[in-house]
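**Student:**
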Amino acid sequence: MRNLEEIQTLLDKYWSGDTTLEEERSLKAYFAGPQVHERFQPFMPLFQTLRQEQSVLLKHVKIVPMRAPVSNRSRWAIAASVVALLGLGAWWLQNQDATPEVVAEIPVLQPIAVPAPQPLVVAALPAPEIVAIAKPVLVQKRMTRTKKINTAPVIDAETEQAMEEIKAALSLVSAKLNKGKKAALKDLNRLETMDKFLKPKSDS
Amino acid sequence: MNWAIFHEHVFPVRHKLYRFALRITGNVHEAEDVVQEVLEKVWKSSADQSAAVQNWEAWCMTLTRNRSLDKTRSQAMRRTAPLDGIYDQRTDAATPAQYVESSDSVDQVKRLIQQLPEKQRLVMHLRDIEELTYDEIANTLNITLEQVKVNLHRARKAIREQLVGIDLTT
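Sequences listed follow chains A and B, in order. The first sequence runs 238 to 441 under the working numbering. The second sequence runs 1315 to 1484 under the working numbering.
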């Protein structure tokens, strides 16, 4: 057992921060021993704590997933690849934009004041269908791979002229697109039917 | 980074880095993350950086300190909240009977240390637990030798006053 005065001296130096590392290890050893004098008992928990803390170990560390540092040459190669891919993607997107979907709008037709319409030969349709078409209609037809078609706005008094233009537009569309041809003809038929419906009104 | 250098000089200090990070963050998981990040950063360091390092342990400790402080401040963690993480640590330093007997007082001392001002707490940790020299502490914490001595003295004095003031052995 060490001299009590020696321990007291070491403790005093310890509190004032004047002990060497060796002296501090000596103190820790004393407080880790079986017989700590009653005078020093209040300080036992401190040295117990220090000893405990020294034995705390890192249990989980992930070293395996660490990858070797990437060389500058590899970095440039990766960057070049990314840029090339981005460029390819942009080119592809631009090509997609070059064939936009175009919507040809046929303006509202109103069944009033149609002056002397040209007689059109159309097949007779059942009455319910005619009634439905007689209402103001906005016909939209989706077409692809065609240029945009601008149709002039129609004035109510010039319905006939508007219809001619619409016919021309639909004919153009149907001529260019096999896919849209059938639908365009259908719309044309509808317009002619409408014309037939409007004709008696203007006569009255 | 050369694997041989990493294996010989860096990896062995991981426990020390972990304890230091734990002292700063006060949280087991945060401390583990810090050590992981520091080890990865050292591993990925360039040849120029590696060549400039003279003391790997000191460099790793500085990186650990900076990363831990960043983490702690960014998350605005309360100093007292994460103590539970520290108390979860179990060691083989005492027999189970001794541990039960002294666990309360040891926990109180841990709490006292954790409640010290940051600089005092870190200086005391590096000296009394990691047993670094004053120069090494000054280098790690980027403070002067005089500041190391002053903070160590204040930290120990505060702990002593608490120990004498409250009877922890009962």
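Think of the CB as a built atom: it goes at the ideal place given N, C-alpha and C, for glycine as much as any other residue. None of the values given here were measured: they were computed from a predicted structure.
(1) Between His1323 (chain B) and chain A, is the shortest Cβ-Cβ distance under 8 angstroms, so that the two count as touching?
(2) In its own chain, which residues sit with a C-beta less than 6 angstroms from the C-beta of Asn426 (chain A), not counting the 5 before and 5 after it?
(3) Assuming Phe1334 (chain B) is part of the alpha helix (DSSP H), what are its boundary residues?
(4) Using a Cβ-Cβ distance cut-off of 8 angstroms, determine whether Ile1443 (chain B) contacts chain A.
(5) Please confirm whether Glu1346 (chain B) has its beta-carbon closer than 8 angstroms to some beta-carbon of chain A.
(6) Could you work out which residues of chain A lie near Ile1473 (chain B), taking near to mean beta carbons separated by less than 8 angstroms?
(7) What three-state label does DSSP hand Pro282 (chain A) in the structure shown?
(8) Between Val1478 (chain B) and Pro282 (chain A), how many whole angstroms is the CB-CB distance? I'm expecting something under 8 angstroms.
(9) For Lys423 (chain A), count neighbouring Cβ atoms within 10 angstroms of its own Cβ and tell me buried if that reaches 16, exposed if not.
(10) Could you say which of B:Leu1430, B:Asn1369 and B:Arg1425 lies nearest to Glu1322 (chain B) if we only look at CA atoms?
(11) Please tell me whether Glu260 (chain A) has its Cβ less than 8 angstroms away from any Cβ of chain B.
(12) Taking Cβ to Cβ, would you say Ile1338 (chain B) is nearer than 8 angstroms to Leu1383 (chain B)?
(13) Have a look at B:Ala1469, B:Asp1418, B:Leu1455 and B:Leu1466 and flag the residue whose alpha-carbon is nearest the alpha-carbon of Gln285 (chain A).
(14) Helix, strand or coil for Ile1457 (chain B)? Go by DSSP, reduced to three states.
(15) Below 8 angstroms on the Cβ atoms is my guess for Val1349 (chain B) versus Leu294 (chain A); work out the distance and round it to an integer in Å.
(16) Below 8 angstroms on the Cβ atoms is my guess for Ser263 (chain A) versus Leu247 (chain A); work out the distance and round it to an integer in Å.
(17) Does Ala364 (chain A) pass the burial test, meaning 16 or more other C-beta atoms within 10 Å, or should it be called exposed?
(18) Does the beta carbon of Ser1419 (chain B) come closer than 8 angstroms to any beta carbon on chain A?
(19) Tell me, please, whether the CB atom of Val1327 (chain B) is closer than 8 angstroms to any CB atom in chain A?
(20) Rounded to the nearest angstrom, what separates Trp1317 (chain B) and Leu1436 (chain B) at their Cα positions?
(21) In angstroms, rounded to a whole number, what distance separates the CA positions of Gly442 (chain A) and Ser1388 (chain B)?
(22) Would Lys1433 (chain B) pass as an interface residue toward chain A - the criterion being a Cβ-Cβ separation below 8 angstroms?
(23) Can you tell me whether DSSP reads Leu294 (chain A) as helix, strand or coil?
(24) Does any residue of chain A have a CB that is nearer than 8 angstroms to the CB of Leu1477 (chain B)?
(25) Can you pull the chain A neighbours of Arg1387 (chain B), defined as C-beta to C-beta under 7 angstroms?
(26) If I follow the unbroken alpha helix (DSSP H) through Asn1380 (chain B), where does it start and stop?
(27) Helix, strand or coil, according to DSSP, for Asn240 (chain A) in the structure here?
(28) Output, in chain order, the set of chain A residues within a Cβ distance shorter than 7 angstroms of Arg1333 (chain B).
(29) Taking 6 angstroms as the limit between beta carbons, can you name the residues of its chain near Gly270 (chain A), skipping five residues before and five after?
(30) Taking C-alpha atoms, which residue in B:Ser1360, B:Lys1463, B:Glu1354 and B:Arg1328 lies nearest to Asp1442 (chain B)?
**Tutor:** Answer, in terms of the structure:
(1) Numbered from its first residue, the second sequence carries residue 1323 (chain B) at position 9. Chain A, which has no Cβ nearer than 8 angstroms to the Cβ of His1323 (chain B), makes this no.
(2) On the first sequence, residue 426 (chain A) is found 189 positions in, with the first residue counted as 1. So the list is empty, once near-sequence residues are dropped.
(3) Numbered from 1 along the second sequence, position 20 holds the residue referred to as residue 1334 (chain B). Residues Arg1328 to Thr1339.
(4) Position 129 of the second sequence, counted from the first residue, corresponds to residue 1443 (chain B). Ile1443 (chain B) counts as touching chain A.
(5) Within the second sequence, the letter at position 32 stands for residue 1346 (chain B). So yes, Glu1346 (chain B) belongs to the interface.
(6) If you number the second sequence from 1, residue 1473 (chain B) lands on position 159. Result: Leu283.
(7) By one-based count along the first sequence, residue 282 (chain A) stands at place 45. The answer is helix: DSSP assigns Pro282 (chain A) an H, G or I state.
(8) Taking the first residue of the second sequence as position 1, residue 1478 (chain B) is located at position 164. Taking the first residue of the first sequence as position 1, residue 282 (chain A) is located at position 45. In fact, because the Cβ distance is near 12 angstroms, the residues do not count as touching under 8 angstroms.
(9) Numbered from 1 along the first sequence, position 186 holds the residue referred to as residue 423 (chain A). Exposed, by the Cβ-count rule.
(10) To locate residue 1322 (chain B), count along the second sequence from 1; it is residue 8. Among B:Leu1430, B:Asn1369 and B:Arg1425, the Cα nearest to that of Glu1322 (chain B) belongs to B:Asn1369.
(11) As a position in the first sequence, residue 260 (chain A) is number 23, starting the count at 1. Glu260 (chain A) does not count as touching chain B.
(12) Taking the first residue of the second sequence as position 1, residue 1338 (chain B) is located at position 24. Taking the first residue of the second sequence as position 1, residue 1383 (chain B) is located at position 69. Yes. Within cutoff.
(13) As a first step, residue 285 (chain A) is located in the first sequence; it is residue number 48 there, counting from the start. Of the candidates B:Ala1469, B:Asp1418, B:Leu1455 and B:Leu1466, the one whose C-alpha sits nearest the C-alpha of Gln285 (chain A) is B:Asp1418.
(14) As a working mapping, residue 1457 (chain B) is identified with position 143 in the second sequence. If DSSP states are grouped into helix, strand and coil, Ile1457 (chain B) belongs with coil.
(15) Position 35 of the second sequence holds residue 1349 (chain B). Position 57 of the first sequence holds residue 294 (chain A). Not a contact, Cβ separation roughly 11 angstroms.
(16) Locating residue 263 (chain A) in the first sequence gives position 26, where the first residue counts as 1. Locating residue 247 (chain A) in the first sequence gives position 10, where the first residue counts as 1. That belief holds up - the Cβ atoms of Ser263 (chain A) and Leu247 (chain A) are roughly 7 angstroms apart, short of 8 angstroms.
(17) In the first sequence, counting from the first residue as 1, residue 364 (chain A) sits at position 127. Reliability of the predicted coordinates at Ala364 (chain A) is poor, the pLDDT of 44 falling under 50, and no value is obtained from them.
(18) By 1-based counting over the second sequence, the position of residue 1419 (chain B) is 105. Yes - at least one Cβ of chain A is within 8 angstroms of the one on Ser1419 (chain B).
(19) For this step, residue 1327 (chain B) is matched to residue 13 along the second sequence. For Val1327 (chain B), the answer is no, since every Cβ of chain A falls outside 8 angstroms of its Cβ.
(20) Residue numbering aside, residue 1317 (chain B) sits at position 3 when the second sequence is read from its first letter. Residue numbering aside, residue 1436 (chain B) sits at position 122 when the second sequence is read from its first letter. Going from the Cα of Trp1317 (chain B) to the Cα of Leu1436 (chain B) covers about 30 angstroms.
(21) With chain A running from 238 to 441 in the structure shown, residue 442 (chain A) is simply not present.
(22) On the second sequence, position 119 is the one that residue 1433 (chain B) refers to. So no, Lys1433 (chain B) is outside the interface.
(23) On the first sequence, residue 294 (chain A) is found 57 positions in, with the first residue counted as 1. Correct three-state label for Leu294 (chain A): coil.
(24) Reading the second sequence from its first residue, position 163 is the one you call residue 1477 (chain B). Leu1477 (chain B) counts as touching chain A.
(25) Stepping through the second sequence from its first residue, residue 1387 (chain B) is reached at position 73. Correct list: empty, because the minimum Cβ distance to chain A is about 23 angstroms.
(26) Indexing the second sequence from 1 puts residue 1380 (chain B) at position 66. Trp1370 to Ser1388 is the span of the alpha helix (DSSP H), which, as asked, contains Asn1380 (chain B).
(27) Position 3 of the first sequence, counted from the start, is the residue given in the question as residue 240 (chain A). Residue state, collapsed to three classes: coil.
(28) Here residue 1333 (chain B) refers to the residue found at position 19 when the second sequence is read from its first residue. Glu290 and Val293, listed in chain order.
(29) As a working mapping, residue 270 (chain A) is identified with position 33 in the first sequence. Excluding residues within five positions, none has a Cβ falling inside 6 angstroms.
(30) The residue given as residue 1442 (chain B) occupies position 128 in the second sequence. Checking every option, the nearest Cα to that of Asp1442 (chain B) belongs to B:Lys1463.
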